[in-house]
Each structure stands twice: as C-alpha cells, then as structure tokens.
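There are 2 protein chains.
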Amino acid sequence: MDTGDPIAVTPEPPYYAVIFTSLLSPDTEGYGEAADRMFELVKGMPGYLGAEHARDGVGITVAYFRDEEAIAAWREHPEHAEVRARGRKQWYDAFELRIARVERAYGFRRSEVD
Amino acid sequence: MDTGDPIAVTPEPPYYAVIFTSLLSPDTEGYGEAADRMFELVKGMPGYLGAEHARDGVGITVAYFRDEEAIAAWREHPEHAEVRARGRKQWYDAFELRIARVERAYGFRRSEVD
C-alpha cells in the first residue's frame, strides 16, 4: 500500500501518532484494496501529516496527525468506521491501537552529511 | 530479530513510545547481529516495556518505555551509543526517531470475542 514517502515528512513536534500494530487472520480477502482506499481517504483529511507502514508477519502502521481533533475526525469518517468493523470481523486476529503525542523528533538523511 | 511478543503487551497508559523509522543503505554487514544484540540488551533495562518491529523496504521499530528516564538510560548505554554511531556511518540511508507519550490504547484479540 502506498503511504507516500516511506519515512513521513512531519513538522516540528508536538503532533500526534496513531500506532496500529496488527496480526492478520488467514482470511485477507479484500484487505489490500481496503487498505489502499483508507490511505487514499486519509490523505484528504484536514490535519493528516503522513504515515508509515511495514509488514513482515506483524504489521505496523504509524499515522501522524496535527492534533486530537484530526484523529477524531478520521475515526468518525463513515467509510473508515465501516472498514474498521470489517477488520475486527474478518482481517485481524489481533491488534493494538495506541494514540501518542510526539514530543521530540530527530532525523538523519545520508545526503545531508556526505 | 526477536522482539518477544509480535504485539507488545504494555500496561495502561501513560507510557512512552520510541518510534524509529529507517531506510537501510546497501551495506548491511553486521546489522542483523547488532539489532539482535540491541534487543537482548534493552530487555534488561529498567522501565523497558516491549517492542515491535517490521521491515519491508522501510523498517519500523517501536519500543515502549515506562518514562523518559528509562529512555534516557537506554540512550546512554555505552554499547547502544556505539551501535547508533555505526548505524549513521554504515547501515542507514535515512531515519527518523520520534519520542511520543502514549495517552490511550485499545486492543483486540480474536480469541477474546469468539
């Protein structure tokens, strides 16, 4: 799924991170399409800053938002709510969702130091 | 690398998350061994709560700690400091490190609802 930049380009903290760690069930029919659609939708949400995703066995998605209001608005998006319900019913054996306030950040890019 | 449970079992918030997102350079010699050693070491640090890791292209490691003091102690571990320096020199083309305070968390396990 395409989250944009593999390492999200985010502003100076503070901002928020939604950390979603998951194990898929054997029944992933429709999962890839739904995930792509969710990234497409969330990109249009006010206050969305970017996201990162990797899966090998466990999947980790970290989505960044300007504030709690932006997270709440995304949570309430009807299509997102529908997909979350399908996730619990079909795609996930387990997940943990954590809402965290990013307080400090530090980046490194090799091109900057060569 | 073995982070223990694929989805970290963490206490009730608040606690802290260190979100480390990275792109590897072509020269990964020694990287796997060093990463394994870091997970082995961090497990012995007071206030360490668990970690999650996935890589496909981009790598995401989220390590959880009780408080900022626990993060600072891990940062100051001499072997960890040495490995970080080698990471910037050899293994990483880019990374972003974010320190975040987990404020809310919600989990789902299929076995609980069947």
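Protein sequence lines correspond, in order, to chains W and C. Counted from 1, the first sequence has number 78 at position 78 by the UniProt record's numbering; the numbering is strictly sequential. Counted from 1, the second sequence has number 56 at position 56 by the UniProt record's numbering; the numbering is strictly sequential. We put the CB at the ideal spot given by N, CA and C, even for glycine.
Looking at chain C, which residues of the segment 96 to 111 of chain W have a Cβ within less than 9 Å of any of its Cβ atoms?
The segment 96 to 111 of chain W vs chain C, Cβ under 9 Å: 96, 97, 98, 99, 100, 101, 102, 103, 104, 105, 106, 107, 108, 109, 110, 111.
Should the segment 74 to 93 of chain W be regarded as contacting the segment 21 to 39 of chain W, the criterion being three or more beta carbon pairs within less than 8 Å?
Contact holds: three or more Cβ-Cβ distances are below 8 Å.
C-beta neighbour in chain W for residue 77 of chain C, strict 9 Å:
Position 77 of the second sequence, counted from the start, is the residue given in the question as residue 77 of chain C. For residue 77 of chain C, the closest Cβ of chain W is not nearer than 9 Å.
Grouping DSSP H, G and I as helix and E and B as strand, with all else coil, what is residue 80 of chain W?
Walking along the first sequence from the start, residue 80 of chain W turns up at place 80. Helix, per DSSP.
Between residue 8 of chain C and chain W, is any beta-carbon pair separated by less than 9 Å?
In the second sequence, counting from the first residue as 1, residue 8 of chain C sits at position 8. Yes, contact with chain W.
Of all the CB atoms in chain W, is at least one closer than 9 Å to the CB of residue 80 of chain C?
As a working mapping, residue 80 of chain C is identified with position 80 in the second sequence. Closer than 9 Å: no.
Kindly indicate the opening and closing residues of the beta strand (DSSP E) around residue 56 of chain C.
Taking the second sequence and counting its residues from 1, the one referred to as residue 56 of chain C is at position 56. Per DSSP, residue 56 of chain C is one residue of the beta strand (DSSP E) stretching across 48 to 56.
Span of the beta strand (DSSP E), counted from its first residue to its last, around residue 94 of chain W:
Within the first sequence, numbered from 1, the residue matching residue 94 of chain W stands at position 94. From DSSP, the beta strand (DSSP E) with residue 94 of chain W extends over 92 to 109.
Starting from the beta carbon of residue 52 of chain C, find every residue of chain W whose beta carbon is closer than 8 Å, and list them in chain order.
As a first step, residue 52 of chain C must be located in the second sequence, where it is residue number 52. 21, 58, 60, listed in chain order.
Below 8 Å on the Cβ atoms is my guess for residue 3 of chain C versus residue 52 of chain C; work out the distance and round it to an integer in Å.
The residue given as residue 3 of chain C occupies position 3 in the second sequence. The residue given as residue 52 of chain C occupies position 52 in the second sequence. At roughly 6 Å, the Cβ-Cβ gap stays under 8 Å, so residue 3 of chain C and residue 52 of chain C are in contact.
Close beta carbons around residue 110 of chain W, own chain, < 8 Å, minus the five adjacent residues each side
To locate residue 110 of chain W, count along the first sequence from 1; it is residue 110. Cβ neighbours of residue 110 of chain W beyond the five flanking positions: none.
Closest by CA to residue 80 of chain C, which one among C:45, C:17, C:59, C:58?
The residue labelled residue 80 of chain C in the question sits at position 80 within the second sequence. The residue with the shortest Cα to Cα distance from residue 80 of chain C is C:45.
Chain W contact for residue 93 of chain C (CB, 9 Å cutoff)
One-based indexing of the second sequence puts residue 93 of chain C at position 93. Chain W, which has a Cβ nearer than 9 Å to the Cβ of residue 93 of chain C, makes this yes.
Unbroken beta strand (DSSP E) run spanning residue 17 of chain C, endpoints
If you number the second sequence from 1, residue 17 of chain C lands on position 17. In the DSSP assignment, residue 17 of chain C falls within the unbroken beta strand (DSSP E) covering 15 to 24.
At the level of alpha carbons, what is the spacing between residue 76 of chain C and residue 97 of chain C?
As a first step, residue 76 of chain C must be located in the second sequence, where it is residue number 76. As a first step, residue 97 of chain C must be located in the second sequence, where it is residue number 97. Each residue's alpha carbon lies about 16 Å from the other.
Once you ignore the five residues that flank residue 113 of chain W on each side, which residues in its own chain have a CB closer than 7 Å to its CB?
The residue you call residue 113 of chain W lines up with position 113 of the first sequence. Note that residue 113 of chain W scores a pLDDT of 49, beneath 50, so its modelled location is shaky; the value from the coordinates is reported in the next line. For residue 113 of chain W, same chain residues with a beta-carbon under 7 Å away, outside a window of 5 residues either side, do not exist.
What does a CB cutoff of less than 7 Å around residue 108 of chain W pick up in its chain, not counting 5 residues either side in sequence?
Residue 108 of chain W sits at position 108 when you count from the first residue of the first sequence. Excluding sequence neighbours, residue 108 of chain W sits near nothing in its chain.
For residue 32 of chain W and residue 78 of chain C, I'd like the C-alpha separation in whole angstroms.
Here residue 32 of chain W corresponds to residue number 32 of the first sequence, with the count starting at 1. Here residue 78 of chain C corresponds to residue number 78 of the second sequence, with the count starting at 1. Rounded to whole angstroms, the separation of the alpha carbons of residue 78 of chain C and residue 32 of chain W is 42 Å.
Could you tell me which chain C residues have their CB closer than 8 Å to the CB of residue 17 of chain W, listed as they occur along the chain?
Taking the first sequence and counting its residues from 1, one reaches residue 17 of chain W at position 17. Near residue 17 of chain W (Cβ distances below 8 Å), the residues of chain C are 17, 19, 98, 100.
Residue 87 of chain C, DSSP secondary structure in three states:
Here the question's residue 87 of chain C lines up with position 87 in the second sequence. Looking at residue 87 of chain C - three-state DSSP - the assignment turns out to be helix.
Counting C-beta neighbours from all protein chains within 10 Å, is the total for residue 62 of chain W 16 or more, i.e. buried, or is it exposed?
Working through the first sequence from its first residue, we reach residue 62 of chain W at position 62. Classification of residue 62 of chain W: buried, given that the 10 Å Cβ count is 16 or more.
Residues of its chain near residue 17 of chain C, where Cβ-Cβ distance is below 6 Å and the 5 sequence neighbours each way are ignored
On the second sequence, residue 17 of chain C is found 17 positions in, with the first residue counted as 1. Taking residue 17 of chain C as the centre and dropping the five residues before and after it, the same chain places the C-beta of 62, 64, 100, 102 closer than 6 Å to its C-beta, in chain order.
Verify whether the separation of the beta carbon atoms of residue 83 of chain C and residue 8 of chain C is less than 9 Å.
The residue you call residue 83 of chain C lines up with position 83 of the second sequence. The residue you call residue 8 of chain C lines up with position 8 of the second sequence. Contact: no.
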